[in-house]
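> Residue numbers (the numbering used here): 18 to 173.
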């Protein structure tokens with residue numbers, strides 16, 4: 018039975034590795050073609066450590082018999098419009114063989130419980146445009162699209 022729990026210091030090496038895997042997997046193919054894996058890894062590590070070290074930042078780990086098989090990274094930051102504190106579900110990842118079994122839903126539920134316990138009323142997450150499964154899962158959990166990030170490459 019997979020248990021969802023708060024992260025432990027002993028999970029950190031696995032979390033660092035999986036944060037880099039997550040960032041690589043969600044990257045669109047065009048970006049991946051030019052990305053340098055060591056840069057993606059360094060940024061993933063920095064973002065994970067900064068989120069965990071920030072006030073209220075934490076992670077939930079899906080644990081199968083003492084082995085981490087998934088995680089949800091949560092940060093807290095002020096809303097850009099109101100200044101009110103909001104939760105941010107920064108990353109979620111499950112090993113492929115654990116997907117489709119309701120574990121991501123349980124991770125989200127744990128994250129929402131934690132944020133409610135802190136008095137947080139708003140949660141955001143970022144889902145890549147090339148991740149329709151993630152978009153569908155987020156919408157099924159009550160998230161709505163409230164913005165779209167766009168990119169333009171300058172040439173010449």
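Heads up, the beta-carbon is just placed ideally off N, CA and C, and yes, glycines get one too.
What's the call for residue 103, buried or exposed, on a 16-neighbour Cβ count within 10 Å?
So residue 103 counts as buried.
> Leaving aside the five residues before and after residue 158 along the sequence, list all residues of the same chain whose C-beta is less than 6 Å from its C-beta, in chain order.
Hits under 6 Å: 125.
> Any chance the stretch 51-67 sits against the stretch 24-41, with 3 or more Cβ pairs inside 8 Å?
Result yes; three or more Cβ-Cβ pairs closer than 8 Å.
> For the beta strand (DSSP E) that residue 94 lies in, which residues bound it at each end?
Element bounds for residue 94: 84-95.
> Would residue 137 pass as a contact of residue 106 if the rule is Cβ separation under 9 Å?
No, they are not a contact pair.
> Alpha carbons only, please: which of 70, 21, 93 and 64 is nearest the one belonging to residue 83?
The shortest Cα separation from residue 83 among 70, 21, 93 and 64 belongs to 21.
> Given a cut-off of 9 Å on the beta-carbon distance, is the pair residue 89 and residue 68 in contact?
Not a contact, by the Cβ cut-off of 9 Å.
> What are the uninterrupted segments assigned as alpha helix (DSSP H) that are 4 or more residues long and contained completely in the stretch 107-170, given in chain order?
Correct list: 120-134 and 149-157.
> Using the C-alpha atoms, what's the distance from residue 173 back to residue 30?
Cα to Cα, the separation comes out at about 43 Å.
> Given that a residue counts as buried once 16 or more other Cβ atoms are within 10 Å of its Cβ, and exposed if not, what is residue 97?
That one is exposed.
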